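Numbering (this note's numbering), first residue to last: 7 to 394. Worksheet: one structure, shown below.
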Ligand SMILES: [Ca+2]
């Protein structure tokens, strides 16, 4: 169990650290992508370079809106204690409370860089891209189904305001990823170390398919990555626009033993390396970053929990990438020596994009049931760590 007393003590230290950092900026930043081992990416909409992957001619800065929360004090100032000695510069924060209500207008919406389908004149303030690919959408199915990416007042953290709500659709096969909804922030420049955090809420009873029947379930929720200059932020894989990439997934494992089923949650990371054309799967390195957390109490207990992720891409050929994950400010895994950048890759391929949401591999009901369920994200923050 998480030790709440210990966490409180840590929070106090973290508050001091954050105050010392302030929130005036100095730095810049950028994006991320996805995917997993043991479940094939084939069919993954977000991994496909075929939709909206066109290189952009546009200026990435041109579609950057003003931050939504400028001047506000984020509601959750505590940071992981391991970051207390680091210098953190706040790059972006959103409580979503001041956003206009939003939902993706079509079942396939691609809005990033110069890729704008449909018009993309509804970009949430302070964000630079959204991308949604889903099967059942109100545009032609009415209010009996939900849009995949929404901002509204239905499920805010703290009981008031708004949050980002992501609707998952239950369909697919063991090798196919289902609905996909992402909201992305391109940072003002690339940073060597980026820490991003979000609060997530899976309602009590959120359903996951049985891994033994359909392969390990996954919900991708965060990506930190480097996106090519000015390019579409949501194209992954060898012919995409993102590398390196670190993806944070949630899982729920079901363990059947002696006739009893138990459930065990996990927070995992997946690495995708540079150059993407030949090294996206990171060569001989497994790419996996594994951190167990407290099971069903984590993904479906009807409580808000915070996930934090620090990524350092490292240096070309250095095999010195680092990923650290925290759950409710408690470090659950730190993985070092990740070969994010192969020898010969530009040392400038540092982190310039952060993306929330993502495709899911989870289908607890057959496709004909058109089963949808939601989880919420709120109070996101993105920091440069020890910016140069
Ligand atoms: Ca909120």
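Cβ atoms here follow ideal geometry from the backbone N, Cα and C, with glycine treated the same way. Please read these numbers as outputs of a predicted model, since none were measured by experiment.
Beta bridge counterpart(s) of residue i as assigned by DSSP
i           : result
residue 279 : Bridge partners of residue 279: none, in fact.
residue 205 : 312 and 384
residue 114 : 139
residue 231 : 251 and 359
residue 92  : Bridge partners of residue 92: none, in fact.
residue 222 : Paired residue(s): none; residue 222 is not in a bridge.
residue 109 : 156
residue 379 : 174
residue 147 : Partner(s): none; residue 147 has no beta bridge.
residue 194 : In DSSP, residue 194 forms no bridge with anything.
residue 131 : DSSP, once it has assigned bridges, lists no residue as partnering residue 131.
Integer Cβ distance of residue i from residue j, believed to fall under 8 Å
i           : j           : result
residue 188 : residue 136 : 6 Å
residue 177 : residue 366 : Residue 177 to residue 366, Cβ: 10 Å. No contact.
residue 130 : residue 109 : In fact, because the Cβ distance is near 11 Å, the residues do not count as touching under 8 Å.
residue 327 : residue 282 : That belief does not hold up - the Cβ atoms of residue 327 and residue 282 are roughly 15 Å apart, past 8 Å.
residue 249 : residue 279 : 7 Å
residue 388 : residue 97  : 5 Å
residue 286 : residue 218 : At roughly 28 Å, the Cβ-Cβ gap does not stay under 8 Å, so residue 286 and residue 218 are not in contact.
9 Å Cβ cutoff met for residue i and residue j
i           : j           : result
residue 392 : residue 92  : yes
residue 312 : residue 210 : no
residue 357 : residue 231 : yes
residue 170 : residue 156 : yes
residue 330 : residue 315 : yes
residue 119 : residue 237 : yes
residue 201 : residue 258 : no
residue 190 : residue 174 : no
residue 394 : residue 198 : yes
residue 273 : residue 254 : yes
residue 339 : residue 297 : yes
residue 308 : residue 172 : no
residue 192 : residue 368 : no
residue 114 : residue 385 : no
residue 122 : residue 112 : no
residue 168 : residue 103 : yes
residue 291 : residue 344 : yes
residue 95  : residue 382 : no
residue 277 : residue 293 : yes
residue 275 : residue 256 : no
residue 284 : residue 220 : no
Fully enclosed by the stretch 233-288, which alpha helix (DSSP H) runs are 4 residues long or longer? Assignment of alpha helix (DSSP H) within the stretch 233-288, counting only whole runs of 4 or more residues, yields 282-285 in chain order.
With a threshold of 8 Å, are at least 3 pairs of Cβ atoms found where one atom belongs to the stretch 308-324 and the other to the stretch 344-354? Yes, they touch.
The stretch 147-166 touching the stretch 329-340, judged by at least three CB pairs closer than 8 Å: The stretch 147-166 is not in contact with the stretch 329-340.
Extract the residue ranges of the beta strand (DSSP E) inside the stretch 287-368, only unbroken runs of 3 or more that lie entirely within it. Every unbroken stretch of the beta strand (DSSP E) spanning 3 or more residues and falling wholly within the stretch 287-368 is given here in chain order: 294-298, 310-318, 327-333, 336-344 and 357-363.
Under 8 Å: do the stretch 371-382 and the stretch 235-249 share three or more Cβ pairs, one atom per stretch? Judged by Cβ distances under 8 Å, the stretch 371-382 makes no contact with the stretch 235-249, as fewer than three pairs qualify.
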